[in-house]
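In what follows, a structure is listed as structure tokens, so that the remarks can point back to it.
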Amino acid sequence: MAEKRGKIVFVIGGAKSGKSGFALRSASACEGRRAYLATAQAFDREMEERIARHKAERSEEWAVHEEPVRIAALLKEIHPVYDVLLLDCLTLWISNLLLGERDIEAETGAFLEAVSACSATLFIVSNEVGWGIVPDNALSRKFRDIAGSLNQKIAAVADEVYLVTAGIPVKIK
Amino acid sequence: MAEKRGKIVFVIGGAKSGKSGFALRSASACEGRRAYLATAQAFDREMEERIARHKAERSEEWAVHEEPVRIAALLKEIHPVYDVLLLDCLTLWISNLLLGERDIEAETGAFLEAVSACSATLFIVSNEVGWGIVPDNALSRKFRDIAGSLNQKIAAVADEVYLVTAGIPVKIK
Amino acid sequence: MAEKRGKIVFVIGGAKSGKSGFALRSASACEGRRAYLATAQAFDREMEERIARHKAERSEEWAVHEEPVRIAALLKEIHPVYDVLLLDCLTLWISNLLLGERDIEAETGAFLEAVSACSATLFIVSNEVGWGIVPDNALSRKFRDIAGSLNQKIAAVADEVYLVTAGIPVKIK
Chain A
1 MAEKRGKIVF
11 VIGGAKSGKS
21 GFALRSASAC
31 EGRRAYLATA
41 QAFDREMEER
51 IARHKAERSE
61 EWAVHEEPVR
71 IAALLKEIHP
81 VYDVLLLDCL
91 TLWISNLLLG
101 ERDIEAETGA
111 FLEAVSACSA
121 TLFIVSNEVG
131 WGIVPDNALS
141 RKFRDIAGSL
151 NQKIAAVADE
161 VYLVTAGIPV
171 KIK
Chain B
174 MAEKRGKIVF
184 VIGGAKSGKS
194 GFALRSASAC
204 EGRRAYLATA
214 QAFDREMEER
224 IARHKAERSE
234 EWAVHEEPVR
244 IAALLKEIHP
254 VYDVLLLDCL
264 TLWISNLLLG
274 ERDIEAETGA
284 FLEAVSACSA
294 TLFIVSNEVG
304 WGIVPDNALS
314 RKFRDIAGSL
324 NQKIAAVADE
334 VYLVTAGIPV
344 KIK
Chain C
347 MAEKRGKIVF
357 VIGGAKSGKS
367 GFALRSASAC
377 EGRRAYLATA
387 QAFDREMEER
397 IARHKAERSE
407 EWAVHEEPVR
417 IAALLKEIHP
427 VYDVLLLDCL
437 TLWISNLLLG
447 ERDIEAETGA
457 FLEAVSACSA
467 TLFIVSNEVG
477 WGIVPDNALS
487 RKFRDIAGSL
497 NQKIAAVADE
507 VYLVTAGIPV
517 KIK
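As given, the protein sequences belong to chains A, B and C, one line each in that order.
If you read the first sequence in the numbering used here, its first letter stands for residue 1, the second for the next number, and so on.
If you read the second sequence in the numbering used here, its first letter stands for residue 174, the second for the next number, and so on.
If you read the third sequence in the numbering used here, its first letter stands for residue 347, the second for the next number, and so on.
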């Protein structure tokens, strides 16, 4: 008997737009066993504080998995154990892939497969990063292109898409 | 007899999105004594021209208060005198606070208090600044975080929120 | 007998937002003779690949006109020959004008005239570039101001305006 695919909710927004808070509140309103998949690594003081703030905002009812790179494998492994998964965030993962010189095509392909096979309700948080002027270095342009392409692919398979601005979610799908 | 709190209208958008023009037209449609609170300082040629353009767009029916830093105190002082106040813009104020090495927490806290106590209809204009790639310097990241957080707090207390793109306002609250 | 002005559809969005794809699909759904007006010049490897990808996405049913600078004149010349025109994109054209030290005021004025006189259904694609932090160089700020102003003017005369995020179009006019 094939497991039914869970609902996919995609939450995008700018930096400090309230997207993580909205995703967390929405996911917390769902019943069942919950896990938070954090792509953030505490690699410097500033980032450590950011992660600590995010952790403080999560209640004790959440299991936490920290995985900067292998989220496709993690998702495949743990999705049967949970009812609700919250992945925060895609863009940091892309940044980790680039810095680790991983095979972007293969990793994002495996991730999309894992998303489509996920039996839990899956909330995915991502940044909108392409609304400024063209960055002056090639790596930033590459990052922006990968993030934009992946956001499109996730939005295409998502059941619901929310754009968050100044803490206000607007449902666009 | 306690003064009734006035309506708060929050207008956000990117640079040159038409947000100031929309806020000015909306505020001009309100009856009564009006004042414009400008946070811009004419500190260089480019900024001087920008301010001059903004001034030219305001009719004579507006009193003008220019205050780069102490807007919380100004708002508390003048709100009983006016029916309509237009504050343009929050992000420039945050920039002035950072450059002046002010206590951000205290200043934004006092401002939020002043906003909640304002008896006039209050239009607040702010920039959306977090939709590009992560800035490569810590001050810009700090600015972006402060602006995003304050935008969320203002949107939370606002009665109406408009997102302006290419001159077109979209009501999101 | 005066030619009836064609419908103007304005499509804006961030980098890699899916705006070109949406514009192309929408324009392809219109009947008649179609032309694609590309403002992109293949001036480096990265841009060449980008243009090649865009070309691959266009079917053989489209005539292609590549014009980095003189789009006002081109539009005036060719609009009677086609039923559907797709111009992609405005911001690259502005960038070409700035790099070529053209008279921005005159060129954008002529373009707006050509748009208003166009008898074909005209799809115009543009980038939203003002949602990041203030760029640290004057040319980028100038570019951002010109792009934002022109986007406002096109949106004002457009019959329909779509904002595209993660491949999802939202009709805002």
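Think of the CB as a built atom: it goes at the ideal place given N, C-alpha and C, for glycine as much as any other residue.
Keep in mind the model is a prediction, meaning the values are calculated, not measured.
Here the C-alpha atom of E451/C lies approximately 40 Å from the C-alpha atom of K180/B. Beyond the five residues adjoining it in sequence on each side, W477/C comes within less than 8 Å, by CB distance, of G360 in the same chain, given in chain order. Using a CB distance cut-off of 9 Å, T212/B does not count as an interface residue toward chain C. If you ignore the 5 residues before and after H425/C, its C-beta comes within less than 6 Å of the C-beta of C464, S465 and A466, all in its own chain and listed in chain order. Contact of F195/B with chain C by beta-carbon distance below 9 Å is absent, the smallest such distance being about 10 Å. In the three-state DSSP reduction, W131/A falls in the coil class, being neither helix nor strand. Contact residues of the segment 116-148 of chain A toward chain B are E128, V129, W131, G132, P135, S140, F143 and R144 (C-beta to C-beta distance below 7 Å). R25/A: not part of any beta strand (DSSP E); member of the alpha helix (DSSP H) spanning K19 to S28, first to last residue.
Identification of residues in the segment 332-344 of chain B having a C-beta nearer than 7 Å to some C-beta of chain C yields T338, A339, G340, I341 and V343, given in sequence order. Only residues of its own chain outside the window of five on either side were considered, and among them L336 have a CB closer than 6 Å to the CB of V343/B, listed in chain order. Interface residue (Cβ-Cβ distance to chain C less than 9 Å): I8/A is not classified as such.
S289/B is classed as exposed because its beta carbon has fewer than 16 other beta carbons within 10 Å across all chains shown. Beta-bridge partners assigned by DSSP to R207/B: W235/B and V257/B. If you look at I8/A, you'll find it in the beta strand (DSSP E) that goes I8 to G13.
In the DSSP annotation of this structure, the continuous segment of the beta strand (DSSP E) that includes E506/C starts and ends at E506 to T511.
Residue pairing from DSSP places P515/C in a beta bridge opposite V510/C. Excluding its 5 nearest sequence neighbours in each direction, L74/A has C-beta neighbours in its own chain below 7 Å: L37, H65 and E67, listed in chain order. Around G360/C, the beta-carbon contacts reaching into chain B at under 8 Å are W304.
The beta carbons of I124/A and W93/A sit about 10 Å from each other, so the pair does not count as a contact at 8 Å.
The three-state secondary structure of T108/A, taken from DSSP, is helix. Residue nearest to T511/C within the set V129/A, G109/A, K19/A and L85/A is V129/A (criterion: CA-CA distance). Contact between V334/B and F183/B holds: their C-beta atoms lie close to 5 Å from each other, under 8 Å. The alpha-carbon separation between K189/B and T437/C amounts to approximately 14 Å. At least one CB atom of chain A sits nearer than 9 Å to the CB of G364/C. In this structure, E423/C keeps its C-beta atom at 9 Å or more from the C-beta atom of S374/C.
In the three-state DSSP reduction, V298/B falls in the strand class (E or B). Taken atom to atom, the span from the alpha-carbon of K177/B to that of I185/B is near 25 Å. A Cβ-Cβ distance of about 16 Å is found for the pair N127/A and Q41/A, leaving them out of contact under the 8 Å criterion. Take L87/A, set aside five residues on each side of it, and the residues of its chain with a beta-carbon closer than 6 Å to its own are L37 and I124, in chain order. By the CB criterion at 9 Å, R144/A and I306/B fall inside the cutoff. Judged by DSSP secondary structure, T437/C falls within the alpha helix (DSSP H) whose first and last residues are L436 to L445. A straight-line Cα-Cα distance of about 12 Å links S313/B and G321/B. D449/C and S26/A have their C-alpha atoms some 51 Å from each other.
When the Cα atoms are used, K315/B and Y428/C turn out to be separated by approximately 51 Å.
Close to N96/A, with beta-carbon spacing below 8 Å, lies no residue of chain C; the smallest spacing is near 19 Å.
Within the same chain, and ignoring the five residues on either side of G18/A in sequence, the residues whose Cβ sits closer than 6 Å to its Cβ are V164 and G167.
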